[in-house]
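Peer 1: Please see the structure below; I have some questions.
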Amino acid sequence: MSAQIFGEEQNPLSVKWRQIKADGFSIIFPLELEKEANRMATTLSTIYPRVGYSLGQQKTTLSLLLQNRGVVANGFVRLAPKKSEFYSTPPQGFDSQDWLNNLAVHELRHVAQFDKLTGGRAFPFPEEIYFAWFGLSIPTWFFEGDAVITETTLTQSGRGRQPEWIMPYRTTLLEGKKISYSKAYFGSDKDVTPGYYQLGYLMTANMRKAEGAILFDSVLSDIRRRPLRLYPFSNSLRKFTGKGSRKWFLQTTDTIRKYWQTQAAQSHGIDYPAVNPQIGVATSYYLPVRLPDGRILALKESKKETNHFVIIDHSKKEQRLFGIAYQEQPWFSYAAGRITWDEVRYDPRYKQRSYSVLCTYDLLSRKYRKLSSRSRLFSPSLSADGSKIVAVQIDLSNQSSLVELDATNGKILNVLPNPRNLILQTPSYDSSGQLITYIAVSEKGKSLEVISITGKQRQMIAETRQQLGRPIYFNRCIVFNAHYNGINNIYKLDTASKKISALSASKYGAFNATPESPSANNGHATEKLTFSDYALHGFNIAELATGLTRETPQDTTDQQPSLANPENHFVNFATAAITQEVKTPGQNIFDSIPAKNFPSTPYPALSNLLNFHSISPFIENEYRGGFELKSNNLLSTFDFFTGAGYQRDIRRFDYYSGFSFKAFYPIIRATYRNRPLRTFYNSKTGMQQGDWRENTIQLQASLPLSINALAHSYSFSFNTITSYTSRYQYENLPANFIGTIRFPMEYNFAFTHSLRQAGRDIAPRWGQVFRLTFIHQPFDDKLKGRIFATENFLYFPGILHNHSFLANFNYQTASGIRRYEQQINTVYGYNNIRARSALNNTLLFNYRFPFAFPDAEIGPLAYVKNLRAGLFCHYENIGTETNLAQPKTYGFELRSSMHLLRYQPLADIGARFVFVNRIYHQNPILEFIFNYRF
């Protein structure tokens, strides 16, 4: 739930969908999730009045899809169409409560927000207009911050109670760094920023403390009454509180800084020296482990580079090993010269289905191996001798279990019981390989457990709201993450006495300790731990000796001056909101969910293909605009549209409709269009104007496939298009005007390979794109002609990090009626230069690079994230019209990515200066660039 990601992808046809209807909620779910769907049907209808209480919302209508084929945890609510989706597979590191419950309270707050803004309408037609209005009227930080406040106040968990979650913001302020409102909201390409979830939580908590529980009910009501204003949220906020968004940000920043300064003075945190290089750009080293030769292995991530393994020597010099694919959370395990990790792999066609596969790498032989395929295995951990792996397995019914695998071939050796069906996280072996420790999660909280490979279980730490994480065996103890003193630190549990002692006292957060290898300590049992210590620019690698410890409050205490006070000084900024929402201290909204059993029925996907939700205006260009009626079914397998446009230049209407059917392996599209057209032609009496209308039916079948492995992505697409056109209502057209165009055929093939891109990358460091296009008229003897085109892109790394060099060669050959068509990329300035011959090929060289990351806030006008430049040298018809010494065009461009007027879309603004070869007698050309993306 790190961001709102709207799923438009499909599930495989093998999914058997069912539904439950209960009190305004329609739960649509795969057969395997019948039990969870029943639980959610009861839960949603029970908790919604509490979730919506402070916004005056007590009832709602909502379709909820439970998705179980993917392994990436997420949830969202959207309009156009109105629905919510819960991705049921729980992550390996999240809150101390049930995962679906966590989603329910957070996402239902979004439903209440939407209901408030739409007047509680079950289906607020036109939904697309409402959704766009939400985005323009209300900052994303409010939507998410208000939802985090709700999950924190109504439960005993919630992200507002987690020090790690707001740790980056706390670190930034305590390190004395100033951060603008725009930077906190929109992020940075060089620094760690809090994120709009965290920003929103802290601001909404501060506002509710100062102004009361119903403030946002008043603000949203005012926005609904007066919808068409610039910055409606900030202006309505100013109306009720006297301060707009930016002033509330400044006031909130001052307030939380003072609280955190007091907490820091009470906690007496330690600055641990970093043993990794410092580069001044947001960079993190995860899960460090010292190798037998004394070097350190870690998983590195930065704004400049994607996730990859590195080895750091005693002089802090890094050796890059290899990059890996996306992970749900950073994770790997090392033992006996072998690394294992999990990474996400996607289904080639149905992207709602993904897998978490296990991989290994041998440091000595440098051999990589994928141990599992189409699996759902998480958080693998090696035994001390490197022969076995223990991992969490989560099946399609959300049942968790621990499995042991052979580390050589991936064969499952043992499946350990989980009779209470707890959510299991981050297991690891003891030195003998006979015991496994892990974290278990339920609505009661997190517990630390131990199980033998024969199935004998023992609970070491009872359910708690502590953020327990990544337990490992260390000598006769278990070392784990927790936040007993209000800051995430490393603790150890004596397995005999169950006493808990603090091992670290980090100022901002210490995580994921790993003991030093005995080989690195001259064969003796180690007393050192290597761990990730949070600092201003991310996670550093640090070490600590374990001789000095501090017991936690539940145990006896001693006075070790070098370690932090064990009292919990965490600052819960939601305290005032909790008092406003909860009458009984300690109450959890999930404590009183009644036991109900709702009947389920098969979901009739076919009869629900049409789901009209919007009529939306469009402006295609300066000459054409109109309205379009849209339908999208809830399973994202069928889209339908129909509309009418007005063509201003010829003063006539056009009409169209079409659909996309995406349930099958190929995607089928069909479009019908009735439109007016105009042409000009030469005749004996001079230039003539001719008009006509035409009906066109176009059919298209496409097969988009893609796979990924390690840091590489590969995609293949096949596409074929045909159409039939019939013309009528001729006005002043020549006698030989062709009235029917029968089934021209177009075929496309594309192949793409690229490496993952870092935040600063303009293009992939390495990449190849090959495209083929062929068009002809095999069924129409009157319209002879064909065109063949190929486009080839080669991406290379530039001189410095994040620089990109692109070589693009394109070729086409055309004949007959298609001899003047263009199917390939052209040189910059092409449309402004008189052609000397028919287009046959182009060779385009582009070198692009970022050169500054100012994070500059220009008042409310713009927030500038980066400045980029590019050089280009372009050839056309090389070998006949130009040669390598004489490009057709060349020049440079300057660009910047920025947020305008404090709105979420990222705009790309720039200018391109095009110089033209003198043989074309063309003055230099200035082109302006404006693009945006959400």
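Numbering (my numbering), first residue to last: 457 to 1390. No residue lacks a Cβ here, since even glycine has one placed at the ideal position from N, Cα and C.
1. What residue from SER636, TRP597 and TYR586 has the CA that sits closest to ARG680's CA?
2. How would you write the range of the beta strand (DSSP E) that SER636 sits in, first residue to last?
3. Determine the direct distance from the alpha carbon of ALA918 to that of GLN1010, and round the result to whole angstroms.
4. Distance, Cα to Cα, ILE850 vs GLY1042?
5. Tell me the rounded alpha-carbon separation between GLN913 and GLU905.
6. Any idea if ASN530 is buried or exposed, counting beta-carbon neighbours within 10 angstroms, 16 or more meaning buried?
7. What is the rounded straight-line gap between the Cα of THR1298 and the Cα of ASN1281?
8. Could you give the residue range of the beta strand (DSSP E) that holds VAL1320?
9. What residue from THR796, PRO733 and ASP1110 has the CA that sits closest to HIS770's CA?
10. What would DSSP say about GLY651, mapped onto helix, strand or coil?
11. Within its chain, find whatever has a CB closer than 6 Å to the CB of TYR1359; leave out the 5 residues flanking it on each side and keep chain order.
12. Within 10 Å of its beta-carbon, does ALA1341 have 16 or more other beta-carbons around it, so buried, or fewer, so exposed?
13. Report the three-state DSSP secondary structure of TYR625 (helix, strand or coil).
14. Do GLU983 and THR1002 have their CB atoms nearer than 8 Å?
15. With distances taken between CB atoms, is the gap from TYR1184 to ARG1149 smaller than 8 Å?
16. Taking the DSSP output, what are the residues bridged to GLU899?
17. With DSSP run on the structure shown, which of helix, strand or coil describes PHE696?
18. Pairing CB atoms from the stretch 895-910 with CB atoms from the stretch 559-578, are three or more of them under 8 Å?
19. For ILE461, which three-state DSSP category applies?
20. If you reduce the DSSP assignment to three classes, tell me which class HIS562 lands in.
21. Assuming PRO1132 and ARG1104 form a contact by the criterion Cβ under 8 Å, report the distance between their Cβ atoms to the nearest whole angstrom.
22. Would you identify the three-state DSSP class for ASP1014, choosing helix, strand or coil?
23. Looking at the secondary structure, which residues open and close the beta strand (DSSP E) in which ALA754 lies?
24. So, are the CB atoms of ASP678 and LYS695 less than 8 Å apart?
25. Identify every run of the beta strand (DSSP E) within the stretch 861-940, keeping only runs that are complete inside it and at least 3 residues long; order them along the chain.
26. Given that a residue counts as buried once 16 or more other Cβ atoms are within 10 Å of its Cβ, and exposed if not, what is ASN1067?
27. What's the call for PHE1384, buried or exposed, on a 16-neighbour Cβ count within 10 Å?
28. From the DSSP secondary-structure annotation, give me the bridge partner or partners of MET663.
29. Is the separation between the beta-carbon of PHE1398 and that of PHE1307 shorter than 8 Å?
30. By the three-class DSSP mapping on this structure, what secondary structure does GLY575 have?
31. Under 7 Å Cβ to Cβ from LYS472, same chain only, skipping five residues before and after it: list those, please.
32. Which residues mark the beginning and the end of the beta strand (DSSP E) in which ASN1175 is found?
33. What would DSSP say about SER613, mapped onto helix, strand or coil?
34. Can you list, in chain order, the residues of its chain whose CB lies under 7 Å from that of ARG685, leaving out five sequence neighbours each side?
35. Is THR816 helix, strand or coil by DSSP?
36. Need the endpoints of the alpha helix (DSSP H) that ILE845 sits in, please.
Peer 2: On the basis of the data shown:
1. In the sequence shown, residue 680 corresponds to position 224, counting from 1. Closest by alpha carbon: TYR586.
2. In the sequence shown, counting from the first residue as 1, residue 636 sits at position 180. First-last for SER636: undefined, no H or E at that position.
3. Indexing the sequence shown from 1 puts residue 1010 at position 554. Indexing the sequence shown from 1 puts residue 918 at position 462. Low confidence applies here, because GLN1010 scores a pLDDT of 47, under 50, leaving its location unreliable; read the following figure in that light. Cα to Cα, GLN1010 sits roughly 12 Å from ALA918.
4. Here residue 850 is taken as the residue at index 394 of the sequence shown, counted from 1. Here residue 1042 is taken as the residue at index 586 of the sequence shown, counted from 1. Their backbone Cα atoms lie some 31 Å apart in a straight line.
5. What you label residue 913 is simply residue 457 of the sequence shown in a count that begins at 1. What you label residue 905 is simply residue 449 of the sequence shown in a count that begins at 1. So the alpha carbons of these two residues sit roughly 7 Å apart.
6. Stepping through the sequence shown from its first residue, residue 530 is reached at position 74. It is buried - the Cβ of ASN530 has at least 16 other Cβ atoms within 10 Å.
7. Numbered from its first residue, the sequence shown carries residue 1298 at position 842. Numbered from its first residue, the sequence shown carries residue 1281 at position 825. THR1298 and ASN1281 have their alpha carbons spaced roughly 7 Å apart.
8. Taking the sequence shown and counting its residues from 1, the one referred to as residue 1320 is at position 864. From DSSP, the beta strand (DSSP E) with VAL1320 extends over 1318-1332.
9. Residue 770 sits at position 314 when you count from the first residue of the sequence shown. Considering only THR796, PRO733 and ASP1110, the residue with the shortest C-alpha distance to HIS770 is PRO733.
10. Locating residue 651 in the sequence shown gives position 195, where the first residue counts as 1. GLY651: coil per DSSP, three-state reduction.
11. Looking up residue 1359 in the sequence shown gives position 903. Once the five neighbours on either side are set aside, TYR1359 has no close Cβ partner at all.
12. Stepping through the sequence shown from its first residue, residue 1341 is reached at position 885. Looking at its Cβ environment, which holds fewer than 16 other Cβ atoms inside 10 Å, ALA1341 is exposed.
13. For the purposes of this step, residue 625 is taken as the residue at position 169 of the sequence shown. Three-state DSSP puts TYR625 in a helix.
14. Translated into positions along the sequence shown, residue 983 becomes position 527. Translated into positions along the sequence shown, residue 1002 becomes position 546. For GLU983 and THR1002, yes; Cβs fall inside 8 Å.
15. Start at 1 with the first residue of the sequence shown, and residue 1184 comes out as number 728. Start at 1 with the first residue of the sequence shown, and residue 1149 comes out as number 693. Cβ distance < 8 Å, so TYR1184 and ARG1149 count as in contact.
16. For the purposes of this step, residue 899 is identified with residue 443 of the sequence shown, where counting begins at 1. Per DSSP, none; premise fails for GLU899.
17. Along the sequence shown, read from residue 1 onward, the residue named residue 696 stands at position 240. The answer is helix: DSSP assigns PHE696 an H, G or I state.
18. no
19. Working through the sequence shown from its first residue, we reach residue 461 at position 5. Confidence in ILE461 is poor, its pLDDT being 43 and thus under 50, which makes the residue's placement too unreliable to answer from.
20. Residue numbering aside, residue 562 sits at position 106 when the sequence shown is read from its first letter. Three-state DSSP puts HIS562 in a helix.
21. For the purposes of this step, residue 1132 is taken as residue 676 along the sequence shown, with counting starting at 1. For the purposes of this step, residue 1104 is taken as residue 648 along the sequence shown, with counting starting at 1. So it is not a contact: roughly 12 Å between Cβ atoms.
22. Along the sequence shown, read from residue 1 onward, the residue named residue 1014 stands at position 558. No answer about ASP1014 holds up, because its pLDDT of 34 lies below 50 and its placement is not dependable.
23. Taking the sequence shown and counting its residues from 1, the one referred to as residue 754 is at position 298. ALA754 -> beta strand (DSSP E) spans 752-758.
24. If you number the sequence shown from 1, residue 678 lands on position 222. If you number the sequence shown from 1, residue 695 lands on position 239. Closer than 8 Å, so yes.
25. Counting whole runs of 3 or more residues, the stretch 861-940 contains the beta strand (DSSP E) stretches 868-872, 879-885, 891-898, 901-908, 913-920, 925-930 and 933-938.
26. Taking the sequence shown and counting its residues from 1, the one referred to as residue 1067 is at position 611. So ASN1067 ends up on the buried side.
27. Here residue 1384 corresponds to residue number 928 of the sequence shown, with the count starting at 1. By the neighbour-count rule (16 or more Cβ atoms within 10 Å), PHE1384 is not buried but exposed.
28. Start at 1 with the first residue of the sequence shown, and residue 663 comes out as number 207. Per DSSP, MET663 has no beta bridge partner at all.
29. In this structure the chain extends from 457 to 1390, so residue 1398 is not present and cannot be described.
30. As a position in the sequence shown, residue 575 is number 119, starting the count at 1. Three-state DSSP puts GLY575 in coil, outside helix and strand.
31. As a working mapping, residue 472 is identified with position 16 in the sequence shown. Only PRO486 and LEU487 meet the Cβ criterion.
32. In the sequence shown, the residue the question calls residue 1175 occupies position 719. Note, ASN1175: beta strand (DSSP E), 1168-1187.
33. Start at 1 with the first residue of the sequence shown, and residue 613 comes out as number 157. Three-state result, SER613: coil.
34. Position 229 of the sequence shown, counted from the start, is the residue given in the question as residue 685. If we look at ARG685 and ignore the five residues flanking it on each side, its Cβ neighbours are ASN691.
35. Position 360 of the sequence shown, counting from 1, holds the residue named residue 816. In the structure shown, THR816 sits in a strand (DSSP, three-state: E or B).
36. Taking the sequence shown and counting its residues from 1, one reaches residue 845 at position 389. Where ILE845 is concerned, there is no enclosing alpha helix (DSSP H), although the beta strand (DSSP E) it sits in stretches over 844-850.
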